[in-house]
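For the sequence shown, the numbering used here assigns the number 98 to the initial residue and increments by one for each residue that follows. Note that CB positions come from ideal geometry on N, CA and C, so glycine has one too. These numbers come from a predicted model, not from an experiment.
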Amino acid sequence: MAFEILDGDREALGPVVTREGVNFAVFSGEAEGVELCLFSPCGTKEISRSALRAGPGGIWSGFAPGLKAGAVYGYRAHGKYAPEQGLRYNGAKVLLDPYARAISESFQWGSEHFAYSTESGDDRIIDKRDNAATALKGVVVDDLPRASRGPQTPWGETLVYETHVRGFTMRFPGLSEAERGVVAGLARREALDYLRALGVTAIELLPLHAYIDDDFLTRKGLRNYWGYNTVNFFTPHGRYVGPGGAAAMRSFVEAAHDAGIEVILDVVYNHTCEGNHLGPTLSFKGLDNRAYYRLVADSPRFFDDVTACGATMNFDHPIVRRLCIDSLRYWTDRIGIDGYRFDLAPAHGLVGSSFRTDAPFFQELRADPILKHVKLIAEPWHVGPGGHLDGRFPQEWAEWNGRARHAIRRYWRGDAGSTGEFASALHGSSELFQTSGRGAWASITHVACHDGFTLADAVRYEQKHNWANGEENRDGMADNASCNYGVEGETKDPFVNELRARQQRNMLASVYLSLGTPMLLGGDEFGRTQGGNNNGYAQDNEISWFDWSLAGGAGAGLLDFTRRLAVIRRGFGVFSRSDFAMGPTERDPTYDIEWLAFSGAPMTAEYWRRGAGANPFAMLLADRASGDSWAFAPRLFAVFNPAVEARMLTAPGTPNGGPWRQLLCSAQPEAPEGATLLRAGQEIDVTARSLKIFEWRPSAN
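Dropping the structure here:
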């Protein structure tokens with residue numbers, strides 16, 4: 098049955114609800130015909146099929162008078178099926194609208210979702226079976242009103258907490274069953290108060306765009322937990338937002354904003370779930386394979402995969418850039434998201450086969466009036482041209498600093514030659530970011546993230562233990578810069594356990610003392626473990642879910658230590674600088690930062706290089722009071738001793754000869770502030786593998 102279709106508006110892609118009906122517009126650049134298909138409310142029965150009208154730029158559109166929100170729909174794109182030419186049109190397959198704001202049902206794998214004959218295994222042989230009954234469909238929804246702006250915390254005052262909605266909430270105390278695993282649990286006052294007590298100003302959530310579970314995982318009885326397998330860039334993933342959809346997501350964001358916390362989303366625009374030439378045809382591939390995906394130039398049957406995920410989005414094409422920008426605008430303007438962490442971000446900056454800082458996507462993103470205020474964070478590596486592109490992103494971007502992560506771990510492990518790299522991490526990696534005009538804020542400094550060992554596992558395991566993933570422990574990173582301190586995994590040895598706890602405190606303190614933007618992996622503040630699994634992407638279970646009993650039990654001391662670190666960081670203005678801290682020179686003896694040997698003398702090049710292991714040293718920080726005048730009030734003095742034996746430190750001088758007041762000691766975490774006073778020239782014993790933090794105040798004498 099054909100539904101009456103009138104001429105439509107081609108300006109806005111996707112479904113737009115008006116008083117008179119619904120306007121539809123979709124891109125399909127090389128199709129010979131596109132049909133709008135309407136379905137029964139349950140989505141299993143196709144009740145009408147109507148041809149859309151072709152327009153300039155490959156936009157097909159039509160207006161359905163009388164249609165209302167709640168309508169279930171999909172598209173059929175007709176054209177040439179010629180994989181050797183990169184064309185994969187198959188009108189027998191119902192396709193999900195890339196601009197759908199809601200999806201009718203969860204996806205179930207079946208051979209009918211492939212445009213080719215899976216029995217033959219040859220993607221050049223077309224499959225004419227109709228998949229309408231089981232295909233993913235869009236649902237027409239009323240647009241949300243514009244969202245209010247969030248806290249807009251300056252980068253220099255930002256502390257990021259990376260977590261997973263489900264992992265954080267599944268066992269969080271006091272939640273109802275309906276709140277577990279979804280954003281409603283994060284929106285609870287108790288959860289937000291917990292984050293505020295940690296000093297968190299921004300919560301960074303693993304992907305929440307709609308995605309599907311990988312076929313190979315479902316056959317193993319697993320599911321894609323992390324969500325890096327996107328099927329639609331507008332629809333929130335139902336498993337993590339619950340039945341409320343976008344409205345529920347917005348309610349959570351509003352609650353976070355009321356608590357003074359920004360919300361950052363991990364977004365995956367670099368690839369989709371449709372995989373390589375043998376993957377399913379669910380949406381983009383069937384609408385315009387040659388536009389949406391990077392294809393091998395001289396063999397377009399195959400995908401030019403620079404993400405190692407099968408199908409890389411083609412940011413050379415304006416429709417892909419428009420899709421990404423429109424999606425970001427929607428999540429910002431209608432849901433209120435404050436920032437985005439771009440997975441495998443170099444893929445967005447490819448022009449042909451080269452990464453460029455002035456790539457069209459970066460320029461269009463910078464020019465957008467809605468997006469110019471959001472925080473932008475790059476994961477600066479991929480498997481394509483250039484590989485690791487740390488420090489190469491535009492001026493307004495921050496970057497995950499993987500170098501700093503490994504530098505901090507290696508230093509406290511005692512690796513030879515690691516002192517300079519560690520000091521660079523503390524300084525915000527100026528060698529990466531200063532040449533592009535950025536400050537230390539551009540370094541998202543962390544010691545652990547979702548990908549790799551948790552902090553607790555980094556001091557318990559030297560080998561990955563990913564057997565639960567069903568890939569014979571082949572997956573996940575091999576080099577974790579970790580150390581088990583003599584025992585692989587859990588132990589009852591009190592000496593080993595105390596050392597492990599101290600090393601966790603050392604590494605957390607190093608992140609908080611960094612002049613970059615600190616990021617804390619959720620659960621590291623109380624010692625969350627994944628049992629040595631460093632790639633929990635498929636573990637939607639106790640391996641990945643937070644064990645909150647640790648926060649009030651064995652991990653309570655680490656939690657208190659982490660909270661104290663946040664308070665210390667907030668108390669020193671040097672951490673909120675927009676430029677890099679500078680050391681003293683012959684022309685200008687004033688400084689923001691100075692590196693000292695344990696003798697109290699300035700570090701020399703020989704000292705940086707000396708020793709078989711990592712060198713003990715100190716970092717002296719000063720705050721600028723106002724204008725061009727310098728006031729040493731307060732000053733921070735941090736001492737780092739990664740050696741396996743205690744060292745004697747000679748304290749530097751203070752402007753009025755007053756004492757240094759100890760704020761924190763990783764070897765004695767329960768010692769109160771001010772328990773130790775250190776006079777200039779006085780020697781103090783610094784425990785092996787420990788750090789101390791001191792401050793000086795002008796009023797002290």
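* **Supposed close pair Leu295, Thr659 - CB separation, criterion 8 Å** => Numbered from its first residue, the sequence shown carries residue 295 at position 198. Numbered from its first residue, the sequence shown carries residue 659 at position 562. Right, their Cβ atoms sit about 6 Å apart.
* Starting from Leu135, follow its DSSP beta bridges and name the residues at the other end. => Position 38 of the sequence shown holds residue 135. Answer is Ser145, Tyr170, bridged to Leu135.
* Check the C-beta distance from Pro799 over to Arg489 and give it rounded, since I have them as a contact under 8 Å. => Outside the shown range of the chain (98 to 798) lies residue 799, about which nothing can therefore be said.
* CB of Tyr390 within 8 Å of CB of Met410, strictly -> Numbered from 1 along the sequence shown, position 293 holds the residue referred to as residue 390. Numbered from 1 along the sequence shown, position 313 holds the residue referred to as residue 410. A contact, by the Cβ cut-off of 8 Å.
* Asked: In chain order, what residues of the same chain lie with their CB nearer than 6 Å to the CB of Ile505, ignoring the 5 residues before and after it?
  -> Residue 505 sits at position 408 when you count from the first residue of the sequence shown. Result list for Ile505: Ala522, Val544, Met604, Ser607, in chain order.
* Cα-Cα separation, Asp385 to Glu127 -> Stepping through the sequence shown from its first residue, residue 385 is reached at position 288. Stepping through the sequence shown from its first residue, residue 127 is reached at position 30. Cα-Cα distance, rounded: 7 Å.
* When you compare each of Val114, Pro457, Tyr437, Tyr508 to Gly163 by their alpha carbons, which one comes out closest? -> Walking along the sequence shown from the start, residue 163 turns up at place 66. Gly163 has its Cα closest to that of Val114, out of Val114, Pro457, Tyr437, Tyr508.
* Residue of Tyr704, Gly573, Arg221, Asp554 minimising C-alpha distance to Thr800 -> Lying before the first or after the last residue shown, residue 800 is absent from the chain, which here runs from 98 to 798.
* State whether the stretch 346–363 contacts the stretch 244–260, with contact taken as three or more CB pairs (one from each stretch) at a distance under 8 Å. => yes
* Arg268 versus Tyr170: straight-line alpha-carbon distance, rounded -> For the purposes of this step, residue 268 is taken as the residue at position 171 of the sequence shown. For the purposes of this step, residue 170 is taken as the residue at position 73 of the sequence shown. Those two C-alpha atoms are separated by around 37 Å.
* Touching by the beta-carbon criterion (3+ pairs, under 8 Å), the stretch 236–255 and the stretch 218–228 -> no
* Asked: From the DSSP output, which residues share a beta bridge with Gly586?
  -> Along the sequence shown, one-based indexing puts residue 586 at 489. DSSP, once it has assigned bridges, lists no residue as partnering Gly586.
* Taking only runs of the beta strand (DSSP E) that begin and end inside the stretch 211–273, which ones reach a length of at least 3 residues, in chain order? -> 219–223, 257–260
* Asked: Does the distance from the C-beta atom of Ala232 to that of Thr332 stay below 8 Å?
  -> On the sequence shown, residue 232 is found 135 positions in, with the first residue counted as 1. On the sequence shown, residue 332 is found 235 positions in, with the first residue counted as 1. Contact: no.
* State buried or exposed for Gly372, treating a residue as buried only when at least 16 other CB atoms are found within 10 Å of its CB. => Numbered from 1 along the sequence shown, position 275 holds the residue referred to as residue 372. So Gly372 ends up on the buried side.
* To do: Indicate the three-state DSSP secondary structure (helix, strand or coil) for Thr356 in the structure shown.
  => Counting from 1 along the sequence shown, the entry for residue 356 is found at position 259. Inspection of the sequence shows that residue 356 is occupied by Ala rather than by Thr. In this structure, Ala356 counts as coil in the three-state DSSP scheme.
* What span of residues does the beta strand (DSSP E) with Gln759 cover, start to end? -> Position 662 of the sequence shown holds residue 759. Here the beta strand (DSSP E) through Gln759 covers 757–762.
* To do: Mind the definition here: the stretch 213–220 touches the stretch 142–150 only if three or more C-beta pairs lie below 8 Å; say whether that holds.
  => no
* For Asn577, the three-state DSSP class (helix, strand or coil) -> Here residue 577 refers to the residue found at position 480 of the sequence shown. Residue state, collapsed to three classes: coil.
* Asked: Rounded to a whole number of angstroms, what is the C-alpha to C-alpha distance between Leu663 and Gln779?
  -> As a working note, residue 663 is residue 566 in the sequence shown. As a working note, residue 779 is residue 682 in the sequence shown. Here residue 663 is Ala; the residue named in the question, Leu, does not match the sequence. If you take the alpha carbons of Ala663 and Gln779, they lie about 28 Å apart.
* **At least three beta-carbon pairs within less than 8 Å, the stretch 691–711 to the stretch 497–517** => yes
* When you compare only the Cα positions, how much space is there between Thr751 and Ala719? -> As a working mapping, residue 751 is identified with position 654 in the sequence shown. As a working mapping, residue 719 is identified with position 622 in the sequence shown. Answer to the nearest angstrom: the Cα atoms are 11 Å apart.
* **Ranges of the beta strand (DSSP E) found wholly within the stretch 265–348, counting only runs of at least 3** => 299–302, 306–308, 327–333
* Is the distance from the Cβ of Ala244 to the Cβ of Gly433 below 8 Å? -> On the sequence shown, position 147 is the one that residue 244 refers to. On the sequence shown, position 336 is the one that residue 433 refers to. Contact: yes.
* Between Ala288 and Val338, what straight-line distance do the alpha-carbon atoms span, to the nearest angstrom? -> Locating residue 288 in the sequence shown gives position 191, where the first residue counts as 1. Locating residue 338 in the sequence shown gives position 241, where the first residue counts as 1. The alpha-carbon atoms of Ala288 and Val338 are separated by roughly 16 Å.
* Taking only the alpha-carbon atoms, compute the straight-line gap between Ala728 and Ala735 and give it to the nearest angstrom. => For the purposes of this step, residue 728 is taken as residue 631 along the sequence shown, with counting starting at 1. For the purposes of this step, residue 735 is taken as residue 638 along the sequence shown, with counting starting at 1. In this predicted model, Ala728 has a pLDDT of only 49, less than 50, meaning its place in the structure is not dependable; the value taken from the coordinates is given anyway. Near 19 Å, if we compare the C-alpha coordinates of Ala735 and Ala728.
* Within 10 angstroms of its Cβ, does Lys789 collect 16 or more other Cβ (buried), or is it exposed? -> In the sequence shown, the residue the question calls residue 789 occupies position 692. The residue is buried, with at least 16 neighbouring Cβ atoms inside 10 Å.
* Check whether the Cβ atoms of Val448 and Ala442 lie closer than 8 Å to each other. => Mapped onto the sequence shown, residue 448 falls at position 351. Mapped onto the sequence shown, residue 442 falls at position 345. In this structure, Ala442 does not lie closer than 8 Å to Val448 by Cβ.
* Asked: Does the separation of the CB atoms of Thr542 and Ala598 fall below 8 Å?
  -> Locating residue 542 in the sequence shown gives position 445, counting from the first residue. Locating residue 598 in the sequence shown gives position 501, counting from the first residue. The answer is no: Cβ separation not under 8 Å.
* Asked: By Cβ distance, which residues of its chain are closer than 6 Å to Phe695, with the 5 residues on each side in sequence left out?
  -> The sequence position of residue 695 within the sequence shown is 598, counting from 1. Counting only Cβ-Cβ distances below 6 Å, and skipping sequence neighbours, we find Pro713, Arg744, Leu746.
* For Ile467, does the count of other Cβ atoms within 10 angstroms reach 16, so buried, or fall short, so exposed? -> By 1-based counting over the sequence shown, the position of residue 467 is 370. Counting Cβ neighbours within 10 Å, Ile467 comes out exposed, since fewer than 16 surround it.
* In the DSSP assignment, find the alpha helix (DSSP H) that holds Ala522 and state where it starts and stops. => The residue you call residue 522 lines up with position 425 of the sequence shown. Segment 516–524, the alpha helix (DSSP H) holding Ala522.
* So, is Gly154 buried or exposed, given that buried needs 16 or more other C-beta atoms within 10 angstroms? -> The residue given as residue 154 occupies position 57 in the sequence shown. Flag for Gly154 reads exposed.
* Starting from Leu693 and walking both ways along the beta strand (DSSP E), at which residues does that stretch end? -> As a first step, residue 693 is located in the sequence shown; it is residue number 596 there, counting from the start. Leu693 -> beta strand (DSSP E) spans 690–693.
* From which residue to which residue does the alpha helix (DSSP H) around Tyr366 run? -> Position 269 of the sequence shown holds residue 366. Note, Tyr366: premise wrong, no alpha helix (DSSP H); not H, not E.
* Under the DSSP definition of a beta bridge, which residues are partnered with Tyr390? -> Mapped onto the sequence shown, residue 390 falls at position 293. BP columns for Tyr390 point to Met410.
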